[in-house]
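Protein sequences appear in the order of chains A and B. Counting from 9, one number per residue, gives the positions in the first sequence under the working numbering. Counting from 9, one number per residue, gives the positions in the second sequence under the working numbering. No residue lacks a Cβ here, since even glycine has one placed at the ideal position from N, Cα and C. Model, not experiment: these values are computed from the prediction. Working notes, beginning with the structure itself.
Protein chains: 2
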Amino acid sequence: MNQALAFIGLGIMGKPMARNLMNAGYELHVYARHPEKARDLIDAGARLHNSIAGCVRSAVGTLTMLGAPDDVEGVYFGRGGLMDSARPGTFLIDMTTSSPALAERIFSEGAKRGLRALDAPVTGGAKGAAEGTLSFLVGGAAADFERCRPLFAAMGAKADFMGPAGRGQHAKAANQILVAGTLSGICESFAYARRAGLDLNRLFGLVSSGSAASRQLDALGPKIISGDDSPTFFVKYLVKDLRIAAEEARNAGLSLDVLEAALRNCLDVTARGMGDLGTQALIHHYEK
Amino acid sequence: MNQALAFIGLGIMGKPMARNLMNAGYELHVYARHPEKARDLIDAGARLHNSIAGCVRSAVGTLTMLGAPDDVEGVYFGRGGLMDSARPGTFLIDMTTSSPALAERIFSEGAKRGLRALDAPVTGGAKGAAEGTLSFLVGGAAADFERCRPLFAAMGAKADFMGPAGRGQHAKAANQILVAGTLSGICESFAYARRAGLDLNRLFGLVSSGSAASRQLDALGPKIISGDDSPTFFVKYLVKDLRIAAEEARNAGLSLDVLEAALRNCLDVTARGMGDLGTQALIHHYEK
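What follows is the structure, encoded as structure tokens:
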């Protein structure tokens, strides 16, 4: 693989991922609607383009890290987007947490143009992006996954092939369904405990080492106790992810009522102006 | 504290707890409606009584480990029960997962008779009972808790004082609310993943080390993948615990819809004849 890559989506996740690719020696071409957001990357040697076509012209692969499925649809299928611009034989790697159906469409429409698409959403958050310890859940063609391993290795600690196009997104959805249940249990438990007059620190000390132990409880329990709503992962992003999972589940004929409740409750918190808080702010749904 | 104790409730949890008290040197008096269930304890030196009154006559403290709040109510408030029989000045320690309101009533009615009641439900399950590694969540009078520490130490690894009567039960309810959310997330995630055609082993390898990691996922994930419904904790017992938590939450004016969904789904599984399976059988609710 040649060293020139295109990268689109320099947000809180994308920018440190792009930087890790540069640190690994790749020549980075970026497209940004707001160039000031890419300033430090440009200062470090990334080349800024004012069109997607310009950005991908010399690249052997394009990586995207966008907000929501609508953004992905725009960048891939919009006028002047990747389907119009990317060179045949190159890779398209969408790392956005997006819809499995859209990933399948990118794969099949890309294939008609000789493009090799992978859906490769991540877990590990902004911290994992900065530290290069993300995990990639990858769907697409196995041979393409193998050839892109060096890219994943530059940005993360782990990459697993989950099957045909869309399966990376399905695996991420499965992860977020787990997160939704555990997070809801944490917030309902603390709301209950507070109402019952329990000493939350003492309760946390007990439950966090027993059968109810979880990574999220360790991370969010102390924040809930101290009233710290600062984000590790934004409520609004969880809402986006759970919407995708819930829609896929419904389409598959599954009735996942805990997922649906978690989505409804996170939407309530968002509607009350708390979308930019951390996911532990879900507790405010129960305390109104 | 003198060495004679009464113990009522020699089930899957109670019997090994009673044995650990005997191993610690206490003289054990047991009351069992089905004496054959106590045979090995009697062979080991426990004294069998055919009435509660006889069982508690020489005891400085009575420990109960029963099935459900109705059983607790019968043993404490029924004719010839503990309120009629226990000697003033002695302890009553209910380790059943039961209702906080009933624990408060036992405390206040007991106090009128000079009895010192503690509610002390446990976490750690049958394994913790056998190995003496249970955690006790204790409500009542702080001085009584302190005086009973040696008993808890004989049966468990940890005992924490949670506040006035009922708070031990409230803390246990808070723990089970956590369990309900996490377990639901696990079962919904695996049901989704299976429907999406994902390799569950590969998915488990990824999610169990990330933000969705939990003790329950570690314990139940492999069982779900291999179709092993064998119990670590019975669905029917979780139903009982979640009923108590849901009722308390409703009485407190809280709307815990994930807890309510988990209870409803576990009841569905129980109604379909799976109450004696492990809690991972909740996945069958989603796969019908």
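Looking at the unbroken alpha helix (DSSP H) that takes in A/I291, where does it start and where does it end?
Taking the first sequence and counting its residues from 1, one reaches residue 291 of chain A at position 283. That run of the alpha helix (DSSP H) goes I291 to Y294.
Helix or strand or just coil, what does DSSP make of B/V83?
Taking the first residue of the second sequence as position 1, residue 83 of chain B is located at position 75. Residue state, collapsed to three classes: helix.
With C-beta atoms as the reference, is A/I194 less than 8 angstroms away from B/S197?
What you label residue 194 of chain A is simply residue 186 of the first sequence in a count that begins at 1. What you label residue 197 of chain B is simply residue 189 of the second sequence in a count that begins at 1. No, they are not a contact pair.
Between B/S219 and A/G189, is the Cβ-Cβ spacing less than 8 angstroms?
Taking the second sequence and counting its residues from 1, the one referred to as residue 219 of chain B is at position 211. Taking the first sequence and counting its residues from 1, the one referred to as residue 189 of chain A is at position 181. Against a cut-off of 8 angstroms, the Cβ pair of A/G189 and B/S219 comes out as no contact.
Going straight from the alpha carbon of B/H57 to that of B/T70, what length do you get?
Here residue 57 of chain B is taken as the residue at index 49 of the second sequence, counted from 1. Here residue 70 of chain B is taken as the residue at index 62 of the second sequence, counted from 1. Distance between the alpha carbons of B/H57 and B/T70: 13 angstroms.
Could you tell me which chain B residues have their CB closer than 7 angstroms to the CB of A/Q224, listed as they occur along the chain?
Numbered from its first residue, the first sequence carries residue 224 of chain A at position 216. Going along chain B in sequence order, the residues near A/Q224 (Cβ under 7 angstroms) are S219.
Go through its chain and collect everything with a Cβ distance to B/A94's Cβ below 7 angstroms, but skip five positions before and after it.
Locating residue 94 of chain B in the second sequence gives position 86, counting from the first residue. Around B/A94: V64, T70, L100 and L123.
Taking only the alpha-carbon atoms, compute the straight-line gap between A/N28 and A/R258 and give it to the nearest angstrom.
The count along the first sequence starts at 1 and reaches residue 28 of chain A at position 20. The count along the first sequence starts at 1 and reaches residue 258 of chain A at position 250. Approximately 37 angstroms, taken between the alpha carbons.
What does DSSP give as the partner residue(s) for A/Y39 in the beta ladder?
Position 31 of the first sequence, counting from 1, holds the residue named residue 39 of chain A. A/Y39 pairs with A/I16 and A/H57.
With distances taken Cα to Cα, identify the nearest neighbour of B/V83 among B/I60, B/K244 and B/G164.
The count along the second sequence starts at 1 and reaches residue 83 of chain B at position 75. Per the Cα distances, B/I60.
For A/D78, count neighbouring C-beta atoms within 10 Å of its own C-beta (all shown protein chains included) and say buried if the count is 16 or more, exposed if not.
Position 70 of the first sequence, counted from the first residue, corresponds to residue 78 of chain A. Looking at its Cβ environment, which holds fewer than 16 other Cβ atoms inside 10 Å, A/D78 is exposed.
Going by other Cβ atoms of all chains shown within 10 Å of its Cβ, with 16 needed for buried, is B/Q11 buried or exposed?
For the purposes of this step, residue 11 of chain B is identified with residue 3 of the second sequence, where counting begins at 1. Classification of B/Q11: exposed, given that the 10 Å Cβ count is below 16.
For A/G281, which of A/A254, A/K244 and A/G17 has the nearest alpha-carbon?
For this step, residue 281 of chain A is matched to residue 273 along the first sequence. Ranking A/A254, A/K244 and A/G17 by Cα distance to A/G281 puts A/K244 first.
State the beta-bridge partners of B/I101 as determined by DSSP.
Within the second sequence, residue 101 of chain B is the residue found at index 93, counting from 1. Bridge partners of B/I101: B/L71 and B/L126.
According to the Cβ coordinates, are A/A179 and A/L126 closer than 8 angstroms?
As a first step, residue 179 of chain A is located in the first sequence; it is residue number 171 there, counting from the start. As a first step, residue 126 of chain A is located in the first sequence; it is residue number 118 there, counting from the start. For A/A179 and A/L126, no; Cβs fall outside 8 angstroms.
Do B/A111 and B/G297 come within 8 angstroms of each other at the CB atom, strictly closer than that value?
Because chain B here runs from 9 to 296, residue 297 of chain B falls outside it and cannot be looked at.
Which chain B residues sit within Cβ distance under 7 angstroms of A/E196?
Sequence index remark: in the first sequence, residue 196 of chain A carries index 188 (1-based). Neighbours of A/E196 on chain B, chain order: I185, G189, L264, V266 and L267.
Please name the residue in A/D152, A/L228, A/L225 and A/A181 whose C-alpha comes closest to that of B/G205.
For the purposes of this step, residue 205 of chain B is taken as residue 197 along the second sequence, with counting starting at 1. Nearest of A/D152, A/L228, A/L225 and A/A181 to B/G205, Cα basis: A/A181.
How about A/V266 and B/A253: do their beta carbons lie closer than 8 angstroms?
For this step, residue 266 of chain A is matched to residue 258 along the first sequence. For this step, residue 253 of chain B is matched to residue 245 along the second sequence. Contact: no.
Under the three-state reduction of DSSP, which class applies to B/A257: helix, strand or coil?
Locating residue 257 of chain B in the second sequence gives position 249, counting from the first residue. B/A257 falls in the helix class under three-state DSSP.
With 7 angstroms as the C-beta to C-beta threshold (strictly closer), list the residues of the segment 136-151 of chain B near chain A in chain order.
Listed by position, the residues of the segment 136-151 of chain B near chain A (Cβ gap below 7 angstroms) are S143 and L145.
Quick one: is A/D152 buried, meaning 16 or more other Cβ sit within 10 Å of its Cβ, or exposed?
Here residue 152 of chain A refers to the residue found at position 144 when the first sequence is read from its first residue. It counts as buried.
Are B/R155 and B/A167 closer than 8 angstroms when you measure CB to CB?
Numbered from its first residue, the second sequence carries residue 155 of chain B at position 147. Numbered from its first residue, the second sequence carries residue 167 of chain B at position 159. It is not a contact, given that the beta carbons lie outside the stated cut-off.
Which of the residues in the segment 154-171 of chain A, read from start to end, lie with their CB under 9 angstroms from any CB of chain B?
Listed by position, the residues of the segment 154-171 of chain A near chain B (Cβ gap below 9 angstroms) are K166, D168, F169, M170 and G171.
Among all the DSSP beta bridges, which residues are the ones paired with B/V146?
Locating residue 146 of chain B in the second sequence gives position 138, where the first residue counts as 1. In the DSSP output, where bridge partners are listed per residue, B/V146 has B/F169.
When we look at the beta-carbon of B/F120 and count the other beta-carbons within 10 Å, is it buried (16 or more) or exposed?
Translated into positions along the second sequence, residue 120 of chain B becomes position 112. Looking at the sequence provided, one finds Lys at residue 120 of chain B rather than Phe. Per the 10 Å Cβ criterion, exposed.
Skipping 5 residues on each side, what residues in its chain have a beta carbon closer than 8 angstroms to that of A/V38?
Working through the first sequence from its first residue, we reach residue 38 of chain A at position 30. Contacts found: A14, F15, I16, L18, A26, A46, L49, I50, A54, R55, L56, H57 and C63.
Residues of the segment 271-287 of chain B in Cβ contact with chain A at a cutoff of 9 angstroms, in chain order, please.
Cβ contacts with chain A come from R272 and N273.
Counting only beta-carbon separations shorter than 8 angstroms, does A/S107 have a partner in chain B?
Here residue 107 of chain A refers to the residue found at position 99 of the first sequence. No, because no Cβ of chain B sits closer than 8 angstroms to the Cβ of A/S107.
Give the interface partners of B/Y245 over in chain A, defined as CB-CB distance under 9 angstroms, in chain order.
Walking along the second sequence from the start, residue 245 of chain B turns up at place 237. Neighbours of B/Y245 on chain A: none; closest Cβ ~12 angstroms, over 9 angstroms.
Less than 7 angstroms between the CB of B/M21 and some heavy atom of the ligand NAD, yes or no?
Among the components of this structure there are no ligands whatsoever, and the ligand NAD is therefore not found.
Whole angstroms are fine: how far does the CA of B/E256 sit from the CA of A/M103?
Sequence index remark: in the first sequence, residue 103 of chain A carries index 95 (1-based). Sequence index remark: in the second sequence, residue 256 of chain B carries index 248 (1-based). Between A/M103 and B/E256, the C-alpha separation is close to 44 angstroms.
Determine the closest residue to B/A134 out of B/R202, B/G286 and B/A201, with distance taken between C-alpha atoms.
For the purposes of this step, residue 134 of chain B is taken as residue 126 along the second sequence, with counting starting at 1. The option with the nearest alpha carbon to B/A134 is B/G286.
For B/T131, does the three-state DSSP call read helix, strand or coil?
Taking the second sequence and counting its residues from 1, the one referred to as residue 131 of chain B is at position 123. If DSSP states are grouped into helix, strand and coil, B/T131 belongs with the strands.
Might you give, ordered along the chain, the residues of its own chain that have their beta carbon closer than 6 angstroms to the beta carbon of A/M9, omitting 5 neighbours on each side?
Residue mapping note: residue 9 of chain A aligns to position 1 of the first sequence, counting from 1. Only weak support is given to the placement of A/M9: the predicted model assigns it a pLDDT of 47, under 50, and the value that follows is read from those uncertain coordinates. Excluding sequence neighbours, A/M9 sits near V68.
Expressed to the nearest angstrom, what Euclidean distance is found between the alpha-carbon atoms of B/M1 and B/L225?
Outside the modelled stretch of chain B, which goes from 9 to 296, sits residue 1 of chain B, for which no answer is possible.
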